[in-house]
Amino acid sequence: MSLKWGSKPWRIWSSHWQNKASISGYRLPIALILAIIFGAGLGYLLTNQFSYWRDWQAFDPATGLDSWIPVIPWMIVPYSTLYFCYPMAALLGMKNEKTQRENIIFHQTLLILTWMVFIIFIILPVEVDIRKSVFESELGVWQPWYEHLHAVDTEWNAWPSLHIVQSLLAVLVVSRWYKNENTKWYFRILWFAWIMLTISVMTTKQHFVWDALTGIIVGLVAWKFWILPLLDECHSEESIASFESL
2 MSLKWGSKPW RIWSSHWQNK ASISGYRLPI ALILAIIFGA GLGYLLTNQF
52 SYWRDWQAFD PATGLDSWIP VIPWMIVPYS TLYFCYPMAA LLGMKNEKTQ
102 RENIIFHQTL LILTWMVFII FIILPVEVDI RKSVFESELG VWQPWYEHLH
152 AVDTEWNAWP SLHIVQSLLA VLVVSRWYKN ENTKWYFRIL WFAWIMLTIS
202 VMTTKQHFVW DALTGIIVGL VAWKFWILPL LDECHSEESI ASFESL
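Under the working numbering, residue 247 is the last one in the sequence shown; the count climbs by one each step, no gaps.
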């Protein structure tokens, strides 16, 4: 049995769906990217600042493994690749009308899942106090990067790691859309980049191991029991009719 949240296209996409050929075919993906920026990005900043203001954590997930993992300054580069995942999914989902329907359903469910994670951030907050160890290391040319990151993103919003949840789902959906094409080299690069991103959340001390593991679990469970079934269902006659009525 799968969740049905986000199974029908929202009315907010109506004009973008009807005029998806405009702006050289980029109108719909631009709308999807902006929805993530404002629907997820602003929510992240608000919950992050709220937890920082409240200054209370529900539990401490730190283990000896977190101390054992070293700070690797340059890993802030793969850490930053998350921000390429958003346009990647939105743009590559414009392949044909089938993937365009899936593109909308995917972004709807991604937003809903992100909002659900925000609730966890508020109810069961965790402070990533290991971030302090970053500046005990020699950061070299990467120091301004970390200073900017820490200025924007406080040491909260820990688990499950949205960095991992969102990037994993983006890679999974793109892999679904292009699995029948001769793009094995692309998938190897894509999954290698995701593995590097996963490692980076720990080597930049942005997250505990717990955050990374729960991020993977949440992403995989959401994909198998919620998002994937909805992507399959969005090609039914009923679902196609709901898109045509936008």
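A virtual CB, placed ideally from N, CA and C, is assigned to each residue, including glycine.
Residue i vs residue j beta-carbon contact at 8 angstroms
i	j	result
F244	P30	no
F122	T48	yes
T199	I228	no
I105	W6	no
D67	V210	yes
Y147	I73	no
S162	D130	no
Y80	Q167	no
W224	L173	yes
W178	L93	yes
W186	W143	no
W69	L247	no
K21	Q101	yes
T184	P71	no
L125	A63	no
R132	H151	yes
Endpoints, alpha helix (DSSP H) assigned at residue i
i	result
R102	E98 to I124
M95	Where M95 is concerned, there is no enclosing alpha helix (DSSP H), given that its DSSP letter is neither H nor E.
L233	With the sequence shown as reference, residue 233 is identified as Asp, and Leu is not the correct amino acid for it. Segment L229 to E234, the alpha helix (DSSP H) holding D233.
L198	K185 to T204
A242	E238 to E245
A32	R28 to I37
T215	V210 to A223
K71	Looking at the sequence provided, one finds Pro at residue 71 rather than Lys. No alpha helix (DSSP H) contains P71, which DSSP labels as neither H nor E.
I165	L163 to W178
F51	L43 to R55
A152	Q144 to V153
Beta-carbon separation (whole angstroms), residue i vs residue j, contact threshold 8 angstroms
i	j	result
W160	V202	That belief does not hold up - the Cβ atoms of W160 and V202 are roughly 11 angstroms apart, past 8 angstroms.
A91	L33	4 angstroms
S8	L231	5 angstroms
Y45	N158	6 angstroms
H236	K99	6 angstroms
Y53	T155	4 angstroms
A41	T115	5 angstroms
V175	M89	6 angstroms
F193	L4	That pair is no contact at about 31 angstroms.
Cβ neighbour criterion (16 or more within 10 Å) applied to residue i
i	result
W14	buried
L43	exposed
L111	buried
E103	buried
T215	buried
V222	exposed
V135	buried
F39	exposed
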